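Protein chains in written order, with my numbering: chain A, 25 to 179; chain B, 39 to 155; chain C, 24 to 52.
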């Protein structure tokens with residue numbers, strides 16, 4: 025059980041040979057494991073540009089006007105990680121990313137990072153995102169759970 | 039006396055003890071004054087007493103609905119005058135008004151509101 | 024791929040974004 029900061033330091037160079045991107049017929053692309061991952065292990069950081077959340081809708085408008093798929097993940101009320109132009113493969117993990125993984129905002133040396141952890145042992149070749157739950161990402165599926173923090177869409 | 043409001047501001051801004059200066063380092067956002075006007079013609083003046091290297095500001099009138107996490111004049115609830123290039127902003131559209139202003143300048147900001155509020 | 028934006032830049036970890044003064048302006052003068 026290494027402390028988070030040490031595990032995070034190892035993550036940067038271990039991610040490349042753990043996570044691969046494949047072309048998925050359902051949601052365009054998904055992530056898969058290039059080597060077996062143990063339960064609770066750090067898999068990848070959702071890396072990107074940390075922007076103030078008041079910039080998100082301006083950027084979303086900008087990206088959609090240029091037909092660029094927008095990939096963002098909220099850290100907290102004030103900051104969002106925008107992985108659209110600068111980021112890593114984790115951008116293809118939709119916000120649920122279950123059942124194999126879960127996302128956590130981890131504070132490492134005073135900076136917040138969105139880290140994807142393995143929920144259980146994931147075998148080599150198995151997919152990391154729950155790929156077949158959602159059709160193509162373009163058409164959003166409205167979520168009717170009514171939960172206070174619901175993100176309104178399933179995908 | 040008209041001061042900078044302690045709570046009517048973006049959360050990443052810090053107000054000085056004398057409540058006459060505001061500092062922020064997380065991008066452009068806004069603080070409102072303690073007093074507001076609702077009708078008639080009003081005028082106030084600001085003297086730029088200090089301008090740290092590379093610091094710029096936008097000063098003017100903002101309504102209660104103006105977005106505090108954006109510069110004044112970003113939306114339709116505010117009108118601002120920028121120190122860099124003296125541009126005036128409303129709904130995020132800049133229009134040239136004057137050369138930029140800097141330390142030592144005194145700005146006069148006037149607003150005309152309809153009498154019947 | 025269409026998934027990658029034009030001149031997409033691969034990152035290992037987060038980078039802080041330095042906001043420009045004109046970040047919120049419709050068009051920078």
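Beta carbons are placed, not taken as given, at the ideal position from N, Cα and C, and that holds for glycine.
None of these values were measured; they are calculated from a predicted model.
Exercise. For residue 86(A), count neighbouring C-beta atoms within 10 Å of its own C-beta (all shown protein chains included) and say buried if the count is 16 or more, exposed if not.
Key: exposed
Quiz item: Is residue 34(A) helix, strand or coil by DSSP?
Solution: helix
Practice problem: Answer yes or no: do residue 47(C) and residue 81(B) have a C-beta to C-beta separation smaller than 8 Å? | Solution: no
Quiz item: Any beta-carbon of chain B closer than 8 Å to the one on residue 31(C)?
Solution: no
Quiz item: Quick one: what does DSSP say residue 79(A) is sitting in, helix, strand or coil?
Solution: helix
Exercise. Check whether the Cβ atoms of residue 76(A) and residue 123(B) lie closer than 8 Å to each other.
Key: no
Exercise. Below 7 Å between beta carbons is the criterion; list the residues of the stretch 98 to 118 of chain B that meet it against any residue of chain C, in chain order.
Key: 108, 109 and 112
Practice problem: Using 7 Å as the cut-off, classify the Cβ of residue 102(B) as near or not near the heavy atoms of the ligand ATP, replying yes or no. | Solution: Of ligands this structure carries none, so the ligand ATP is not represented either.
Quiz item: I think residue 141(A) touches residue 66(A), with their Cβ atoms under 8 Å apart; what is that distance to the nearest whole Å?
Solution: 6 Å
Quiz prompt | Cutoff 8 Å: residue 122(B) Cβ touching any chain C Cβ | solution = yes
Quiz item: If you count every other CB in all the chains shown that lies within 10 Å of the CB of residue 137(A), and 16 or more means buried, which is it?
Solution: buried
Quiz prompt | Same chain only: Cβ atoms within 8 Å of residue 82(A), ignoring 5 sequence neighbours per side | solution = none
Self-check item: Buried versus exposed call for residue 87(B) [16 or more other C-beta atoms within 10 Å across all chains shown]
Solution: exposed
Self-check item: Local Cβ density within 10 Å of residue 103(B), reported as buried at 16 or more and exposed below that
Solution: exposed
Quiz item: Between which two residues does the beta strand (DSSP E) carrying residue 39(B) extend?
Solution: Looking at the DSSP string, residue 39(B) is not in any beta strand (DSSP E), and its letter there is neither H nor E.
Exercise. Measure the Cβ-Cβ separation of residue 143(A) and residue 125(A) and say whether it is below 8 Å.
Key: yes
Exercise. Kindly identify the DSSP beta-bridge partner or partners of residue 73(A).
Key: 106(A) and 38(C)
Quiz prompt | 8 Å Cβ cutoff, residue 44(C) in contact with chain A | solution = no
Practice problem: Ignore the nearest five residues each way along the sequence and tell me which others in residue 105(B)'s own chain have a CB closer than 7 Å to its CB. | Solution: 112 and 113
Exercise. Assuming residue 28(C) contacts residue 92(A) (C-beta within less than 8 Å), just tell me the rounded distance between them.
Key: 5 Å
Quiz item: Who are the near neighbours of residue 31(C) in its chain, counting only those whose CB is closer than 6 Å to its CB and skipping five residues on each side?
Solution: none
Practice problem: Pick out the complete beta strand (DSSP E) segments inside the stretch 57 to 124 of chain B, 3 residues or longer, and give them in chain order. | Solution: 69 to 71, 78 to 85, 96 to 100 and 116 to 120
Quiz item: When you compare each of 39(A), 53(A) and 47(A) to residue 61(A) by their alpha carbons, which one comes out closest?
Solution: 39(A)
Self-check item: Per-residue DSSP class, three states only, for residue 24(C)
Solution: Only weak support exists for where residue 24(C) lies, its pLDDT of 40 falling under 50; the coordinates are left without a value.
Quiz prompt | Reference residue 101(B); option with closest CA among 42(B), 61(B) and 74(B) | solution = 74(B)
Quiz item: With a CB to CB cut of under 6 Å and the five nearest residues on each side skipped, what residues in its chain are close to residue 98(A)?
Solution: 104
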